[in-house]
Amino acid sequence: MATRPRFTFHLRLRSFALVTLCALTMVATQPAGAQTYKVLYNFTGGGDGANPYAGLTMDGAGNLYGTAASGGYTGGYCGTDGGCGTVFKLTHHGSGWTLAPLYAFKGDSGTNYDAAIPIARVIFGPDGSLYGTTEAGGGGDCSYFHNGCGAVFKLSPPATACKAVLCPWTETVLYRVAQDNGDEASGDVIFDSAGNLYGTVTLGGQLDGGYVFELTPSGGGWSEQILYSFNPNDVDCNAPMAGLVFDASGNLYGTANNGCGALYGGVFQLVPSGSGWTENILLRLNGFGIGDWTQADLAPDGQGNFYGISNDLGPNEHGTVFELSPSNGGFEYSLAYAFGGQGGAYPRAPVTVDARGTYIYGTTTNTGPLGIGDGAVYELTLFNGIWTQTVLHYFGGSDGQYPVSSVLVDANGNLYGTASYGGAYGNGVVWEITPD
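Using the numbering used here, the letters of the sequence shown correspond one by one to residues 54 to 489.
Okay, here's the thing in structure tokens:
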């Protein structure tokens, strides 16, 4: 198995620090329905990339797009961690899939101060380009062996149709977080209806607790504005590691890995207020009761509810899925599912929920309690007010390990995602689950 690179774990390992070796409350799971699991691609660790952490994005033709956190270019600082990562495209050809690297990040090698180490998804912007973030690169003396503080990038497709198998896209760095003393852009970005781009930076900033930013197209470039700076104390939320979501009123919602008045992080809301934004803390994770730490985006359904995960603890001590529902001008918390049995443990990825709020899909990094196993893909089904879990696939190493990917569901009910390790070369896989 490939050695897990240091750069992706220096902050995230906090989520696993409180695993206890006491007796566990086992949670029953339903047997899996009929489905077929298939590895679509095994990463080699070369020019194609390695260690895909994020979920996938699909275009109208059914092609898949994603990021690999390492592999690709290995010159300069990039050689320290086995490459600065790639953006890739998977195209369906007959009964198989073909991977084409769209771009290999170069980090702070040389004088370009390129982006490096993408661990978030890429998304399509209104112009048909791909947009995303990186934990490193972009200049600045931060983490990762002086390989930059992180960046926001854009990848533009070729101006004319490309007939070659390898058809690279053109990269533009839109924002270098070092200019605001930031450190780590690790979450997905999101657009508003006017074409402005929003995201989070985990550390640093004016108050050293991370911040929320907006990028606005301006004069052929992009202008940056800090919307809210988090204070790294126990009262304020801080260390946001995930992306943001909008509601119909233009409010922003996100998660924080620390603080929020309870040490363990929580969920925050940012409301436009005059010339600034006001923070409301909607949920304070408290350890054994609700869970602790969350590094994943919230998932909205079509009813105004938001769903999220805690990485650890909760009633069965191995993480939870929770729901926040509008109630009396605020939000009410409810527990959807508590991990702790053989149905998976330690979720890291955002959940995917249908518009009616009756199905939830996600992944866990381990198969069972005490960190055993290589992870699982699960489905939660709501019936008579109770969520019931079905395990769709248990990973076994050769088919992938340690999935921290969200689950993409297409119009035919097929599921797609990544596993960050394992597979034929130990560098991770892209997988598909199809109903029989």
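C-beta: ideal position from N, C-alpha, C; glycine also.
Quick caveat: nothing in here was measured; it's all calculated off a predicted structure.
Drop a sphere of 10 angstroms on the beta-carbon of residue i, count the other beta-carbons inside from all chains shown, and report buried for 16 or more, exposed for fewer.
i      : result
ALA292 : buried
PRO162 : The sequence as given places Ser at residue 162; Pro does not occur at that position. Buried, because 16 or more other Cβ atoms sit within 10 Å of the Cβ of SER162.
GLU385 : exposed
GLY248 : exposed
ALA76  : Residue placement at ALA76 cannot be trusted, given a pLDDT of 26 that sits under 50; what the coordinates show is reported in the next sentence. That one is exposed.
HIS145 : exposed
GLY288 : A quick correction: the sequence has Val, not Gly, at residue 288. With fewer than 16 other Cβ atoms within 10 Å, it is exposed.
ASN364 : buried
ILE439 : exposed
THR78  : Below a pLDDT of 50, predicted positions are generally treated as unreliable, and THR78, at 28, falls in that range; the measurement from the model is reported next regardless. By the 10 Å Cβ count, THR78 comes out exposed.
LEU183 : buried
PHE96  : buried
ASN381 : exposed
ILE425 : exposed
ASN311 : buried
PHE436 : exposed
ASN286 : exposed
PRO325 : exposed
PRO488 : exposed
GLY147 : exposed
THR347 : buried
GLY329 : exposed
GLY470 : buried
ALA103 : buried
GLY383 : exposed
Verify whether the separation of the beta carbon atoms of residue i and residue j is less than 7 Å.
i      : j      : result
GLY98  : GLY124 : yes
GLY372 : TYR399 : yes
ALA169 : ASN200 : yes
ASN120 : VAL92  : A small fix is needed here, since residue 120 is Thr in this sequence, not Asn. It is not a contact, given that the beta carbons lie outside the stated cut-off.
THR443 : GLY428 : no
LEU268 : LEU323 : no
TYR94  : ILE486 : no
ALA295 : ALA349 : yes
GLY394 : VAL404 : no
LEU297 : LEU305 : yes
PHE341 : CYS290 : no
ARG174 : THR213 : no
GLY397 : TYR431 : yes
GLY262 : PHE244 : no
ASP112 : LEU152 : no
VAL265 : ALA352 : no
SER458 : ALA408 : no
LEU117 : LEU155 : no
GLN88  : LEU445 : yes
GLU237 : GLU277 : no
What whole-angstrom Cβ distance do residue i and residue j have, given they're in contact under 8 Å?
i      : j      : result
GLY481 : GLY453 : 7 Å
ILE334 : GLY303 : In fact, because the Cβ distance is near 19 Å, the residues do not count as touching under 8 Å.
LEU338 : ASN358 : Not a contact, Cβ separation roughly 18 Å.
ALA477 : PRO456 : With a Cβ gap of about 16 Å, ALA477 and PRO456 do not count as contacting.
TYR410 : GLN356 : The displayed chain sequence assigns Gly, not Tyr, to residue 410. Contact holds; Cβ gap of about 5 Å.
THR186 : GLY252 : 6 Å
GLY135 : THR127 : 7 Å
ALA122 : PRO171 : 6 Å
PRO105 : VAL483 : 7 Å
THR420 : LEU433 : Not really, about 17 Å apart at Cβ, beyond 8 Å.
GLY192 : TYR166 : 4 Å
CYS131 : GLY160 : 5 Å
ASP241 : ILE343 : Their Cβ separation, rounded to whole angstroms, is 24 Å, which puts ASP241 and ILE343 out of contact at 8 Å.
Just checking: is the beta-carbon of residue i within a distance shorter than 7 Å of some beta-carbon in chain B?
i      : result
THR225 : The structure shown contains no chain B; it holds only a single protein chain.
Fully enclosed by the segment 300–344, which beta strand (DSSP E) runs are 3 residues long or longer?
305–309, 319–326 and 329–337
Give, in chain order, every unbroken run of the beta strand (DSSP E) that is at least 3 residues long and sits entirely within the segment 433–489.
439–447, 468–472 and 482–488
What runs of the beta strand (DSSP E), each 3 residues or longer, lie entirely inside the segment 112–188?
117–121, 139–146, 149–157 and 183–187
Count the C-beta pairs between the segment 243–262 and the segment 201–212 that are closer than 8 Å, then say yes if the count reaches three, no if not.
yes
Enumerated in chain order, which unbroken segments of the beta strand (DSSP E) with a length of 3 residues or greater are wholly contained in the segment 206–250?
223–229
Would you list, in sequence order, the uninterrupted alpha helix (DSSP H) runs of no fewer than 4 residues that lie entirely inside the segment 362–390?
none
What are the start and end residues of each continuous beta strand (DSSP E) run of 3 or more residues lying completely inside the segment 396–433, in chain order?
412–417
What are the uninterrupted segments assigned as beta strand (DSSP E) that are 3 or more residues long and contained completely in the segment 245–287, given in chain order?
250–254, 264–271 and 274–282
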